[in-house]
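Enquirer: Dropping a structure here in structure tokens format, bear with me for questions.
This is the structure in structure tokens:
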């Protein structure tokens, strides 16, 4: 029996171009420079191991003299995270629809909103916290406003990407039946992207809980204020 001709397999390795090689070499050089600037030192880490053991020993058992204030501050932290996340999600949905390239009314609107959301996401949480503390004063309100901005910067982007990736079949069917753009978004785009929206929302809530701990260091309320006292 004659053997069937084997299909030609693609090469496992292709020679990189000079531009790719130059970029890779520049990345290696920058990484080596960054490694030096980071101050990583194995001997220093080994010398610090006994101190880590002493600190860990002092942490057990935990102190209970401020248990009630800590529980109250922890409750405020969760409340800040919940309220900030929920309001941020509600604000992110219309922004995400306007940012989605398949549902935006005009490309200029999409570009402007994407730029605003990118700016919100670029500004660190502590910078927003300092801004709102200086604006509305110390307390959980400043922290909640900060978490709203953080949630909008995070969720609006991922919501828009989820809406852009939905199957175009059901929306096109609704459009052929004469449905309005709002009806298509509400009845097709959002329900089809709902699993991704829920996933991003839950991750945003988890992220807000972690962020709210740090925000108290600048007077934005929550467990971070107790952390600042302990420090």
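In the numbering used here, the protein residues as written are 338 to 568. Note that CB positions come from ideal geometry on N, CA and C, so glycine has one too.
Do you know offhand how far residue 473's Cα is from residue 556's?
Expert: Translated into the one-based positions of the chain shown, residue 473 becomes position 136. Translated into the one-based positions of the chain shown, residue 556 becomes position 219. Answer to the nearest angstrom: the Cα atoms are 11 Å apart.
Enquirer: Taking only three categories from DSSP, how would you classify residue 516?
Expert: Residue numbering aside, residue 516 sits at position 179 when the chain shown is read from its first letter. Reduced to three states, the DSSP call for residue 516 is coil.
Enquirer: Hey, residue 493 and residue 508: beta-carbon distance below 8 Å or not?
Expert: For this step, residue 493 is matched to residue 156 along the chain shown. For this step, residue 508 is matched to residue 171 along the chain shown. In this structure, residue 493 keeps its C-beta atom at 8 Å or more from the C-beta atom of residue 508.
Enquirer: Take the Cβ of residue 486 as the centre, count every other Cβ of all protein chains shown within 10 Å, and call the residue buried at 16 or more, exposed below.
Expert: Residue numbering aside, residue 486 sits at position 149 when the chain shown is read from its first letter. Classification for residue 486: buried.
Enquirer: Give the range of the alpha helix (DSSP H) segment to which residue 483 is assigned.
Expert: Within the chain shown, residue 483 is the residue found at index 146, counting from 1. It spans 477-501 - the alpha helix (DSSP H) in which residue 483 sits, taken as one unbroken run.
Enquirer: Out of 536, 478, 506, 469, state which residue places its alpha-carbon closest to the alpha-carbon of residue 495.
Expert: Against the chain shown, residue 495 aligns to sequence position 158. Of the listed residues, the one whose Cα sits closest to residue 495 is 536.
Enquirer: Report back the beta-carbon spacing between residue 550 and residue 564 to the nearest angstrom; my notes put them in contact at under 8 Å.
Expert: Taking the chain shown and counting its residues from 1, the one referred to as residue 550 is at position 213. Taking the chain shown and counting its residues from 1, the one referred to as residue 564 is at position 227. About 7 Å separates the two Cβ atoms, so the contact holds.
Enquirer: Is the stretch 412-429 in contact with the stretch 477-491, if contact means three or more CB pairs nearer than 8 Å?
Expert: They touch, by the three-pair rule.
Enquirer: Could you tell me whether the Cβ atoms of residue 530 and residue 489 are closer together than 8 Å?
Expert: Sequence index remark: in the chain shown, residue 530 carries index 193 (1-based). Sequence index remark: in the chain shown, residue 489 carries index 152 (1-based). Not closer than 8 Å, so no.
Enquirer: Reducing DSSP to helix, strand and coil, say where residue 571 ends up.
Expert: In the structure displayed, the chain extends from 338 to 568; residue 571 sits before or after that span and is not available.
Enquirer: What is the DSSP secondary structure of residue 504, counted as helix, strand or coil?
Expert: Numbered from 1 along the chain shown, position 167 holds the residue referred to as residue 504. Residue 504: coil per DSSP, three-state reduction.
Enquirer: Would you mind stating whether residue 411 and residue 566 have Cβ atoms separated by less than 8 Å?
Expert: Indexing the chain shown from 1 puts residue 411 at position 74. Indexing the chain shown from 1 puts residue 566 at position 229. No, the Cβ-Cβ distance between residue 411 and residue 566 is not below 8 Å.
Enquirer: Going by other Cβ atoms of all chains shown within 10 Å of its Cβ, with 16 needed for buried, is residue 436 buried or exposed?
Expert: Counted from its first residue, the chain shown places residue 436 at position 99. Under this definition residue 436 is a buried residue.
Enquirer: Please report the residue range of the alpha helix (DSSP H) in which residue 411 lies.
Expert: Translated into positions along the chain shown, residue 411 becomes position 74. Boundaries of the alpha helix (DSSP H) harbouring residue 411: 404-436, taken from the DSSP string.
Enquirer: Based on Cα-Cα distance, which residue from 354, 568, 558 lies nearest to residue 469?
Expert: Numbered from its first residue, the chain shown carries residue 469 at position 132. If we check each option's Cα against that of residue 469, 558 comes out closest.
Enquirer: Helix, strand or coil for residue 561, going by three-state DSSP, please let me know.
Expert: Within the chain shown, the letter at position 224 stands for residue 561. Residue state for residue 561 is assigned as helix, using DSSP reduced to three classes.
Enquirer: Would residue 539 pass as a contact of residue 462 if the rule is Cβ separation under 8 Å?
Expert: Translated into positions along the chain shown, residue 539 becomes position 202. Translated into positions along the chain shown, residue 462 becomes position 125. No; because the gap between Cβ atoms is not below 8 Å, this pair is not in contact.
Enquirer: Does DSSP classify residue 530 as helix, strand or coil?
Expert: Within the chain shown, numbered from 1, the residue matching residue 530 stands at position 193. If DSSP states are grouped into helix, strand and coil, residue 530 belongs with coil.
Enquirer: Pick out whichever of 424, 361, 498, 375 has its Cα sitting closest to the Cα of residue 447.
Expert: Position 110 of the chain shown holds residue 447. Minimum Cα distance to residue 447 is reached at 498.
Enquirer: Using CA atoms only, rank isn't needed, just tell me which of 434, 543, 522, 403 is closest to residue 562.
Expert: For the purposes of this step, residue 562 is taken as residue 225 along the chain shown, with counting starting at 1. Ranking the options by Cα distance to residue 562, first place goes to 403.
Enquirer: Could you give the distance in angstroms between the alpha-carbon of residue 568 and the alpha-carbon of residue 501?
Expert: Here residue 568 corresponds to residue number 231 of the chain shown, with the count starting at 1. Here residue 501 corresponds to residue number 164 of the chain shown, with the count starting at 1. Taking the straight line joining both Cα atoms gives about 46 Å.
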